[in-house]
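So the sequence shown is residues 0 to 180, counted in numbering that gives the first Met the number 0. A quick write-up on the structure given underneath.
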Amino acid sequence: MDRPAELFGIDPRSTRWGHSNAMAQGTVQVTHTGTSRWRRRTGEYASLAAALEAASDGDVLIVAPGTYRENLVVQRGVTLRGPEGSPGSVRIAPVDGVPLTVSASAVVQDLHVEGQDAAAPALLVEDGTPELLDLRIVTRSAVGIEVRGRARPTVRRCTVDNPAGIGIAVVDGGGGVFEEC
Numbered sequence: 000m001d002r003p004a005e006l007f008g009i010d011p012r013s014t015r016w017g018h019s020n021a022m023a024q025g026t027v028q029v030t031h032t033g034t035s036r037w038r039r040r041t042g043e044y045a046s047l048a049a050a051l052e053a054a055s056d057g058d059v060l061i062v063a064p065g066t067y068r069e070n071l072v073v074q075r076g077v078t079l080r081g082p083e084g085s086p087g088s089v090r091i092a093p094v095d096g097v098p099l100t101v102s103a104s105a106v107v108q109d110l111h112v113e114g115q116d117a118a119a120p121a122l123l124v125e126d127g128t129p130e131l132l133d134l135r136i137v138t139r140s141a142v143g144i145e146v147r148g149r150a151r152p153t154v155r156r157c158t159v160d161n162p163a164g165i166g167i168a169v170v171d172g173g174g175g176v177f178e179e180c
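Written out as structure tokens, the structure reads:
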């Protein structure tokens, strides 16, 4: 069960990694501190990207509100989401490159993704059958969401704001289901 950090007597600016006894998968409460450290019982990570890289299939990463200036790559079947009831409170907004790349059958939900690089999509889906739910994509690039290769995402209730280009592009054999976008 996901519970806010405050219920555990933990400063919301600190990080809590924990494992539920009811599930085999882990649940992580991801927040950032002034020192940009991410913690897990088995180690400490210098960034959200490193914590994501260390996650295993089935893990749930709940990202606390804030702006994250990292380029994230999801390569495992994890759930990466913002806190319930706070859509848009988590901003993934690096200064350049692709802010979020999904190359696995993951679930990505309740995030605000901002692309700053005119030459890169804000969200790149390269492989797998991920579920992209309730995302807001804001960019000024050629494309907001790019689906390519063997990727077959299910994209639901996502908003793409891209005055400089295309909202969603499906290229190079990609496919998927797009609903309420």
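Glycine included, each C-beta is placed from N, C-alpha and C at the ideal position.
| query | result |
| --- | --- |
| How many Å lie between V101 and L122 at the Cα? | 8 Å |
| I'd like to confirm the pairing. Which residues does DSSP put opposite L110 in its beta bridges? | Paired residue(s): none; L110 is not in a bridge. |
| Is it right to say P162 is buried, meaning 16 or more other beta carbons lie within 10 angstroms of its own, or is it exposed? | exposed |
| Classify S85 as buried or exposed, calling it buried when 16 or more other Cβ atoms lie within 10 Å of its own Cβ. | exposed |
| Can you tell me the Cα-Cα spacing of G96 and E83, whole angstroms? | 28 Å |
| Taking its Cβ as the centre, do 16 or more other Cβ atoms sit within 10 Å of V170, making it buried, or is it exposed? | exposed |
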